[in-house]
Each structure stands twice: as structure tokens, then as C-alpha cells.
Amino acid sequence: MADRRPLDRNPYYVEHFEHFHRVLRRPHLTGIGISGCVGAGVLVSSGALIAISGSIGAPLSYLISGFIVICVMYSMSEMVACRPLTGALVDFPHTFLDPACGFAVAASYGHGKLLCFPLQPPSGLIGQLTNAGKLTDGAEAGANVGFIVLTTLSHCFGIILYGRIERVVMWFKLSLLLLVCIFTIIINAGGGGPRNTSYNANYTTHAFAPGFRPLGFGNVTGHTTLTTRSTEDANFGLSGPGGRLFAFLTSVTLAMFAYTRREIVIMTAGEAQEPFKDVPTVTSFVYLVPLILYPFVVFSAGANVNYMDPNLPLIWARNSGSKSPFVIAVESSSLHGLHAALTLFFIISAYTAANTALYTSSRSGFILAQTYMHDSVARTFGRTNNGNTPLAAILLCSALGFLTLIGLANDTYSQPRLTLGKFYTGSITCVYVCECVTFLRFKAGLDRLKALRIFSRDDPLYISRLFKSRWQPVPAIIGIIGCSFILLWSGIPPLYILAARRSSASADELKGPVGLAFDVIGAYLGPVIFAIFYLTYKYGYPRSYRVDLRDLTPDMYILEDVGSFEREKGEDAEELANQPPRVEVRPGVMELEAQRGGADANAAEDIAAELDPEEEAERARERQRQYVLDTLEMRQERTSRGIWREFWSYIISD
1 MADRRPLDRN PYYVEHFEHF HRVLRRPHLT GIGISGCVGA GVLVSSGALI AISGSIGAPL
61 SYLISGFIVI CVMYSMSEMV ACRPLTGALV DFPHTFLDPA CGFAVAASYG HGKLLCFPLQ
121 PPSGLIGQLT NAGKLTDGAE AGANVGFIVL TTLSHCFGII LYGRIERVVM WFKLSLLLLV
181 CIFTIIINAG GGGPRNTSYN ANYTTHAFAP GFRPLGFGNV TGHTTLTTRS TEDANFGLSG
241 PGGRLFAFLT SVTLAMFAYT RREIVIMTAG EAQEPFKDVP TVTSFVYLVP LILYPFVVFS
301 AGANVNYMDP NLPLIWARNS GSKSPFVIAV ESSSLHGLHA ALTLFFIISA YTAANTALYT
361 SSRSGFILAQ TYMHDSVART FGRTNNGNTP LAAILLCSAL GFLTLIGLAN DTYSQPRLTL
421 GKFYTGSITC VYVCECVTFL RFKAGLDRLK ALRIFSRDDP LYISRLFKSR WQPVPAIIGI
481 IGCSFILLWS GIPPLYILAA RRSSASADEL KGPVGLAFDV IGAYLGPVIF AIFYLTYKYG
541 YPRSYRVDLR DLTPDMYILE DVGSFEREKG EDAEELANQP PRVEVRPGVM ELEAQRGGAD
601 ANAAEDIAAE LDPEEEAERA RERQRQYVLD TLEMRQERTS RGIWREFWSY IISD
């Protein structure tokens with residue numbers, strides 16, 4: 001296998017007959033995408049960003065992180081418009097970059113989503129709902145197990161039921177975001193009665209935190225001087241413009257956690273009823289909605305909660321609050337009882353986000369098993385039941401959801417979950433970097449086809465039937481640089497604290513050396529494991545080679561029919577399974593081979609015996625141009641029905 005060229009290696013849809021059920025319509029795809037995006041990140045964890053960077057620094061952090069992810073998704077939207085196949089997120093680097101990159105993406109994305117599943121445990125909020133504080137270990141373990149069982153059952157009854165559930169959940173979450181904004185505006189305008197907290201001012205005069213202080217500013221007086229050389233934790237930090245910048249950059253990296261689920265719609269491509277029509281459009285809609293809403297939602301919270309409030313969560317402090325900033329704002333008003341309702345809504349939101357994490361992790365595991373694993377693994381975790389549901393992959397991923405219980409072993413500083421959270425963010429950010437690099441290769445192949453006068457991204461048919469991301473390659477480069485910065489900076493704050501406070505003891509208010517070390521490990525473990533996956537597959541076993549631009553032919557960009565690639569499991573399933581593996585033959589590869597000087601001397605000699613190489617190459621290009629023209633003309637224009645009709649289609653099926 002190591003001697004075969006990358007493009008001769010059969011993707012999963014050639015050698016396997018197991019496929020998903022293509023039944024999801026546009027409202028289902030929209031529901032899955034938005035429901036998976038909105039979870040505990042913006043509703044609960046945003047309080048940590050307010051404590052670090054201030055009431056204005058937090059929404060600006062979400063804005064910058066969102067812009068980086070927008071650039072990534074904008075690039076991926078064009079690729080998924082061309083190839084909306086099952087496991088498209090893995091198919092892109094496998095097809096256009098290097099099969100080793102596809103393996104690294106499949107493995108990192110799969111284990112990343114497995115970590116996201118236990119990172120959304122609603123049990124931590126139940127104690128706040130009942131005013132009982134933190135639940136006992138037994139009660140929290142029971143709640144976690146109950147949520148895992150409920151989540152698993154919701155996936156075992158088929159994708160159409162899950163799609164309908166997420167369609168309803170989408171409206172619940174959008175209404176929840178709107179609700180918290182309205183309540184915070186009412187409270188800020190004085191409609192909630194007199195405020196009963198001492199931290200009811202300084203939201204505009206001190207919009208940014210005065211510096212970087214790991215313990216927060218709740219007990220800081222005007223005479224406190226922050227310095228990294230202080231022997232007391234109370235005075236440890238960075239003040240001045242440098243400290244503000246340090247705190248702001250730290251909050252930008254933390255905000256990335258809330259944006260690392262925008263690609264969920266791309267993972268649904270294998271179950272979309274009309275993938276060419278719906279998946280690219282829904283992908284654009286889903287990543288734009290949170291980008292618009294998140295900064296406003298966090299700004300509304302910051303307008304009512306001071307960064308000095310002791311109830312805000314602090315990442316590096318021993319005694320830290322744990323409440324959502326929206327709950328803090330409501331509790332400080334006269335709207336008694338409303339905080340319990342909000343906490344209940346947040347529990348539902350966190351649970352449904354974990355539900356979507358199980359969906360994406362099981363699909364990623366299915367693709368990983370089918371495409372890259374041994375046949376014995378593929379026959380176990382790469383199979384579906386009679387309803388085209390990957391039950392084995394679902395059960396495996398849900399079993400790993402019991403990682404939530406490790407947080408009960410030693411929940412000091414919530415360390416296990418913080419470490420897993422950093423690990424998850426690093427893994428998914430590596431996937432984003434790889435997808436942006438893949439797009440540059442994707443575009444380079446299109447530029448070569450344009451130079452050969454076959455077809456171009458600027459062609460009206462390409463723009464109207466597929467999708468052209470404008471201003472490229474600038475967005476892809478911004479995505480690479482921005483995500484690389486997130487990866488680099490994520491471990492800088494704990495590493496800085498660890499280096500400056502080497503002599504800190506366990507009795508200090510700050511985290512001890514062990515906790516800080518695990519923060520650093522969690523931040524950089526994701527990129528390290530991604531690199532190990534890539535290097536092992538590329539240089540170890542089975543070895544792979546970078547895809548040559550000359551192998552990127554028009555039929556790789558313009559697919560005639562998804563059904564021709566993905567054979568549905570039917571009466572001939574066993575017959576197909578018993579057949580020997582067949583090699584996928586793409587006519588465009590051999591037709592354009594004559595253009596590759598010296599690539600295959602024997603093939604060139606055979607062609608030259610009949611026709612002049614230039615003449616044969618021109619005929620091949622003409623056949624490819626006609627193929628592209630015929631295929632794209634059969635597609636429906638993306639916006640032929642008008643923008644309002646398209647918007648309505650996200651709500652009601654056509």
C-alpha cells in the first residue's frame with residue numbers, strides 16, 4: 001500500500017457499502033448546527049472572560065475569535081459546496097493535501113469531540129438550581145450517568161428523530177439568547193428594581209480590567225501595586241497597558257472554546273437529503289448567526305456585571321465563583337426567582353450541546369474506522385444497522401462520555417475539566433489550521449485548471465451553482481495565522497505564572513505548580529498529538545505522499561452525483577461486501593496525463609503513436625470543459641428563489 005500513489009488509495013465509499021441515511025432537510029441541518037453551537041461556552045464560561053479582561057474586553061474577545069473562525073468556515077464553505085460527501089471534513093485534506101493529513105484530522109477531530117461531550121456536563125448547574133451549592137459526589141455522578149444514558153438513547157432511534165429534536169432545540173436556544181439580552185437590558189435600565197450588590201458601577205469608566213491578575217480584582221484596592229516579583233499572591237500580576245494587553249489576548253484564546261463547533265453542519269453532509277443544495281447554504285447561515293449574537297449577548301452581561309464581582313469564575317484562583325454572569329445580574333436585581341429559571345435553561349442548553357458533541361464524535365469515529373482502520377475495526381465500528389445508524393460508534397463514544405466522572409476525583413480549581421477543555425480547543429484548532437492549508441491547495445488546483453482553460457472559479461456557473469469565497473487567499477491565511485496564535489498563546493498565561501511563581505506553595509491562593517503544569521500540558525497536548533498522528537501515518541505505516549497538483553482533475557471538484565459515490569446499502573449489500581476491493585477510476589486523470597511532461601513516458605509514447613500530444617491534450621481539455629458545463633447546468637442556482645425565500649427555507653422545508 002505504501003507504494004501506491006495517494007489518489008489510487010480508495011476512499012471509504014469505494015470499498016465499503018455502509019452509508020448513512022440521507023433524510024435530513026434544511027431545517028434539520030440548521031437545527032443541528034445552531035443547537036451544537038450554543039452551549040455552556042457563552043452562557044456560563046463567559047464570566048471568566050469578564051473577570052479577566054473586563055466588561056468590554058470580553059465581547060471584543062468573542063468578536064476577534066469569531067472573526068478568525070469565520071475566515072476558516074468561509075474557506076471550508078467553498079470546499080463543501082464542491083464535495084458534500086460523508087465525512088467531508090476528513091475528505092478535504094485526504095483528497096487535496098495528503099492522506100496523512102486526512103488521518104490526523106479524523107483522529108484529532110474524533111477525540112476532540114469525545115472530550116467536548118464530557119465538557120458540557122449540566123450536573124454542575126443543578127446545585128445552583130436547588131440553592132444547595134455543589135452537589136455531593138454521588139449525586140453529581142448519578143446526574144452525569146443519567147444525562148449520558150439519555151443522550152445515547154436519543155441517538156439510537158435514528159437520525160430523523162434526532163434531527164426533529166434539534167430543530168425544536170434550535171428555537172429554544174435562539175429564544176434563550178434573546179431572552180437573556182432582554183432581561184439584562186431591563187436590569188441595566190433600572191426595570192429590575194434597586195441593585196443589591198456593591199459592584200453596581202464602573203461598567204463604563206473601567207470597561208477594561210486594569211491589568212492581568214490571576215486572582216481577579218475583587219479584593220484589590222486603589223493602592224495595590226501588581227508586580228511579578230511579589231512574594232504575595234495578592235500583589236501578583238501585570239499592571240498598565242502591558243497587563244491589559246496580556247489579559248485581553250488571554251481572553252481571546254479562552255473565547256475560542258465557544259466558537260469551535262461551527263463545522264458541525266459539514267459533518268452532517270453524509271445525511272443531508274439534498275447535499276449540494278442545502279449543506280453549503282446552511283453552513284454559511286449557521287456560522288454567521290453566532291458571530292452576530294455572541295458579542296451582543298456577552299456585552300449585555302458585561303453591562304450588568306462588574307469584572308470585580310467575586311461570584312465570577314476565576315481560572316487560576318483557589319476560591320472562585322462559579323455562576324453565570326447572567327445569573328449574577330438577575331440575582332442582584334429584584335427579579336426574585338428568575339435566576340432559577342435561567343439556570344434550568346442553561347442546564348438544558350448544556351445538555352443539548354453535549355448531545356450534538358456525541359453526534360459529531362460518533363460520525364467522525366465511523367469515518368475513521370471505515371477509511372483508515374483495519375478491516376476488523378471497520379467491520380465493528382464502521383457499520384450501520386438496518387436504519388443506517390452507526391450504533392457501534394455511538395455506543396463507543398457515549399461510553400467515553402464517562403470521562404465526566406474524573407472531575408469528581410479531585411475537583412480543585414475544576415482542574416480535570418479545565419485541562420480537557422484546553423486539550424479539546426487545541427485539537428479542534430489544529431483541524432482548522434489543516435483545513436485552511438487544504439483550501440490553499442484546493443485553490444491552487446483550480447488555478448491550474450484555469451491556466452489550462454478548462455474552468456475557473458470566476459465562471460458564472462461556478463459562482464451561481466457552487467460557492468466562491470471572495471478575497472481568497474486572504475481569509476484562509478487569516479485563519480491559519482489566527483488559529484496558530486490561539487495554539488501558541490493558550491499555554492502562555494499558566495506557563496508565565498508557573499515560571500514567575502516557582503516557589504508558590506499549595507496553601508497559596510493561586511494554583512499550585514501541579515495544576516499550572518496541567519494547564520500547560522492541556523494547552524499543547526492537542527497540537528503534539530495531531531503532529532504524532534500525521535507523522536506516524538506519513539513516515540511510519542502505511543506511509544503517504546502529498547497530492548500532486550497535476551492529479552487534481554475537474555471531476556474532483558465537480559461531482560456528477562453523490563449517489564454514484566455512495567452506494568446505499570440494499571439487497572446487494574452482502575454481494576458488494578464479498579467482492580474484492582476495486583480501484584476508483586477517474587477518467588480525468590488519464591485524459592490529462594498527456595499534459596504531464598515526463599510523468600509517464602510509456603503512456604506519452606502510446607498517445608503520440610496515434611495523435612500529436614498537444615492535439616490529444618486539447619481534446620481532453622475540451623471533454624473536461626463539456627463535463628463541467630453539463631454537470632453544473634443541471635444544478636439549481638443557489639439564490640434563484642430570492643433571499644427571503646431562502647431564509648424561510650431554514651424554518652420550513654420546501
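If you count by UniProt numbering, then the sequence shown holds residues 1 to 654, one letter each, in order.
Cβ atoms here follow ideal geometry from the backbone N, Cα and C, with glycine treated the same way.
Worksheet item: In or out: GLY518 buried (at least 16 other Cβ within 10 Å) or exposed?
Response: By 1-based counting over the sequence shown, the position of residue 518 is 518. Correcting the residue type first, residue 518 is Phe in the shown sequence and not Gly. Burial of PHE518 is indicated by the presence of at least 16 other C-beta atoms within 10 angstroms of its C-beta.
Practice prompt. Check whether the Cβ atoms of LYS277 and GLN626 sit closer than 8 Å, and answer yes or no.
Written response: Counted from its first residue, the sequence shown places residue 277 at position 277. Counted from its first residue, the sequence shown places residue 626 at position 626. Not a contact, by the Cβ cut-off of 8 Å.
Worksheet item: If you draw a straight line from the C-alpha of LEU342 to the C-alpha of TYR62, how long is it?
Response: Taking the first residue of the sequence shown as position 1, residue 342 is located at position 342. Taking the first residue of the sequence shown as position 1, residue 62 is located at position 62. Those two C-alpha atoms are separated by around 22 Å.
Worksheet item: Looking only at DSSP bridge pairs, what is SER211 linked to?
Response: Within the sequence shown, the letter at position 211 stands for residue 211. Reading off the sequence, residue 211 comes out as Gly, not Ser. The partner list for GLY211 (beta bridge, DSSP) reads SER239.
Discussion item. Which of the three DSSP states is assigned to THR227 in this structure?
Written reply: Here residue 227 is taken as the residue at index 227 of the sequence shown, counted from 1. Strand, per DSSP.
Worksheet item: What first and last residue would you give for the alpha helix (DSSP H) that runs through GLU618?
Response: Taking the sequence shown and counting its residues from 1, the one referred to as residue 618 is at position 618. 613–633 is the span of the alpha helix (DSSP H), which, as asked, contains GLU618.
Practice prompt. Apply the 10 Å Cβ neighbour rule to residue 725 and answer buried if 16 or more other Cβ atoms are within range, or exposed otherwise.
Written response: Limits of the chain in this structure are 1 at one end and 654 at the other, which puts residue 725 out of reach.
Fill in: N-terminal and C-terminal residue of the alpha helix (DSSP H) that GLY518 is part of
Position 518 of the sequence shown, counted from the first residue, corresponds to residue 518. Inspection of the sequence shows that residue 518 is occupied by Phe rather than by Gly. First-last of the alpha helix (DSSP H) with PHE518: 513–535.
Worksheet item: Could you check where the alpha helix (DSSP H) with ASN355 kicks off and where it finishes?
Response: Taking the sequence shown and counting its residues from 1, one reaches residue 355 at position 355. 338–372 is the extent of the alpha helix (DSSP H) around ASN355.
Worksheet item: Grouping DSSP H, G and I as helix and E and B as strand, with all else coil, what is GLY597?
Response: Numbered from its first residue, the sequence shown carries residue 597 at position 597. Note on GLY597: pLDDT 47, under 50, position unreliable in the model; no value is reported.
Discussion item. Using 8 Å as the cut-off, can you tell me whether the region 56–73 makes contact with the region 452–467, which would need three or more C-beta pairs spanning the two stretches below that distance?
Written reply: no
Fill in: Alpha-carbon to alpha-carbon, ILE497 and VAL282
Stepping through the sequence shown from its first residue, residue 282 is reached at position 282. Stepping through the sequence shown from its first residue, residue 497 is reached at position 497. Going from the Cα of VAL282 to the Cα of ILE497 covers about 43 Å.
Worksheet item: Quick one: what's residue 655 bridged to in DSSP?
Response: Any answer about residue 655 is impossible in this case: the structure gives the chain only from 1 up to 654.
Worksheet item: Nearest to GLY190 by alpha carbon, out of CYS37, THR384, SER334?
Response: Looking up residue 190 in the sequence shown gives position 190. If we check each option's Cα against that of GLY190, SER334 comes out closest.
Fill in: Where PHE530 falls, given that 16 or more other Cβ within 10 Å makes a residue buried
Position 530 of the sequence shown, counted from the start, is the residue given in the question as residue 530. It is buried - the Cβ of PHE530 has at least 16 other Cβ atoms within 10 Å.
Discussion item. Cutting at 7 Å between CB atoms, please list the residues of its own chain near ILE165, excluding the five before and the five after it.
Written reply: Taking the first residue of the sequence shown as 1, we reach residue 165 at position 165. Sequence-distant Cβ neighbours of ILE165 in its own chain, meaning closer than 7 Å and more than five residues away, are SER154.
Discussion item. My assumption, with CB atoms under 8 Å, is that PRO494 sits in contact with CYS430. Please give the rounded CB distance.
Written reply: Mapped onto the sequence shown, residue 494 falls at position 494. Mapped onto the sequence shown, residue 430 falls at position 430. Going by Cβ atoms, the distance from PRO494 to CYS430 rounds to 19 Å, so no, they are not a contact pair.
Worksheet item: Looking at the structure shown, is ALA303 part of a helix, part of a strand, or coil, going by DSSP?
Response: Numbered from 1 along the sequence shown, position 303 holds the residue referred to as residue 303. Coil, per DSSP.
Discussion item. So for LEU29, helix, strand or coil by DSSP?
Written reply: Your numbering for residue 29 matches position 29 in the sequence shown. LEU29 falls in the helix class under three-state DSSP.
Worksheet item: Identify the residues that DSSP records as bridge partners of LEU24: which are they?
Response: Indexing the sequence shown from 1 puts residue 24 at position 24. According to the DSSP secondary-structure assignment, LEU24 is paired through a beta bridge with ALA272.
Item to complete: For the alpha helix (DSSP H) holding MET79, just list the boundary residues, first then last.
Response: As a position in the sequence shown, residue 79 is number 79, starting the count at 1. It spans 57–82 - the alpha helix (DSSP H) in which MET79 sits, taken as one unbroken run.
Worksheet entry | Identified DSSP bridge partners for LEU510 | Your numbering for residue 510 matches position 510 in the sequence shown. The partner list for LEU510 (beta bridge, DSSP) reads ALA317.
Worksheet item: Is it true that the CB of GLY31 sits closer than 8 Å to the CB of VAL252?
Response: As a position in the sequence shown, residue 252 is number 252, starting the count at 1. As a position in the sequence shown, residue 31 is number 31, starting the count at 1. Not in contact: VAL252 and GLY31 (Cβ atoms no closer than 8 Å).
Discussion item. Quick check: what's the CA-CA separation for GLN370 versus HIS111?
Written reply: Position 370 of the sequence shown, counted from the first residue, corresponds to residue 370. Position 111 of the sequence shown, counted from the first residue, corresponds to residue 111. In this structure, the straight-line span from the alpha carbon of GLN370 to that of HIS111 is close to 16 Å.
Worksheet item: Can you check whether the CB of VAL286 is closer than 8 Å to the CB of residue 708?
Response: Missing from the structure shown is residue 708; the chain here goes from 1 to 654 and no further.
Worksheet item: Mind checking whether PHE248 and GLY421 have CB atoms under 8 Å apart?
Response: Locating residue 248 in the sequence shown gives position 248, where the first residue counts as 1. Locating residue 421 in the sequence shown gives position 421, where the first residue counts as 1. No. Outside cutoff.
Worksheet item: Which value, in whole angstroms, describes the spacing of the CA atoms of LEU245 and LEU115?
Response: Here residue 245 is taken as the residue at index 245 of the sequence shown, counted from 1. Here residue 115 is taken as the residue at index 115 of the sequence shown, counted from 1. Straight-line spacing of the CA atoms in LEU245 and LEU115 works out to 30 Å.
Worksheet item: Count the other CB atoms within 10 Å of the CB of ALA499; is the residue buried (16 or more) or exposed (fewer)?
Response: On the sequence shown, position 499 is the one that residue 499 refers to. Label assigned to ALA499: exposed.
Discussion item. Just to confirm my understanding: we take ARG261, look at its own chain, exclude 5 residues before and 5 after, and list those with CB closer than 7 Å. What are they?
Written reply: Counted from its first residue, the sequence shown places residue 261 at position 261. For ARG261, where only same-chain residues beyond five positions count, the Cβ hits under 7 Å are GLY36, CYS37.
Worksheet item: Leaving out the 5 sequence neighbours to the left and right, which residues in its chain are closer than 8 Å to LEU49 when beta-carbon positions are compared?
Response: Translated into positions along the sequence shown, residue 49 becomes position 49. Excluding its 5 nearest sequence neighbours in each direction, LEU49 has C-beta neighbours in its own chain below 8 Å: GLY57, ALA58, SER61, TYR62, SER251, LEU254, ALA255, VAL298, listed in chain order.
Practice prompt. Give the secondary structure of ALA577 by DSSP, where H, G and I count as helix, E and B as strand, and everything else as coil.
Written response: Here residue 577 corresponds to residue number 577 of the sequence shown, with the count starting at 1. Residue placement at ALA577 is flagged as unreliable, the pLDDT there being 45, under the threshold of 50; the coordinate-derived value follows with that caveat. Here ALA577 sits in helix by DSSP.
Worksheet item: Can you round the beta-carbon distance between ILE394 and THR152 to whole angstroms, since I take them to be within the 8 Å contact cut?
Response: Numbered from its first residue, the sequence shown carries residue 394 at position 394. Numbered from its first residue, the sequence shown carries residue 152 at position 152. Their Cβ separation, rounded to whole angstroms, is 7 Å, which keeps ILE394 and THR152 in contact under 8 Å.
Discussion item. Can you determine whether any heavy atom of the ligand PLP sits closer than 7 Å to the C-beta of THR429, and answer yes or no?
Written reply: You won't find the ligand PLP in this model; it holds no ligand whatsoever.
Discussion item. Is the beta carbon of ILE264 closer than 8 Å to that of THR356?
Written reply: Reading the sequence shown from its first residue, position 356 is the one you call residue 356. Reading the sequence shown from its first residue, position 264 is the one you call residue 264. Yes. Within cutoff.
Practice prompt. For GLY302, collect the residues of the same chain with a Cβ closer than 6 Å to its Cβ; drop the 5 residues on either side in sequence, then sort them by chain order.
Written response: Numbered from its first residue, the sequence shown carries residue 302 at position 302. Answer for GLY302: ILE50, SER55, ALA58, listed in chain order.
Worksheet item: Hey, out of LEU559, ALA451, ILE651, whose CA is closest to GLU618's CA?
Response: Taking the first residue of the sequence shown as 1, we reach residue 618 at position 618. When each option's Cα is compared against that of GLU618, the closest is ALA451.
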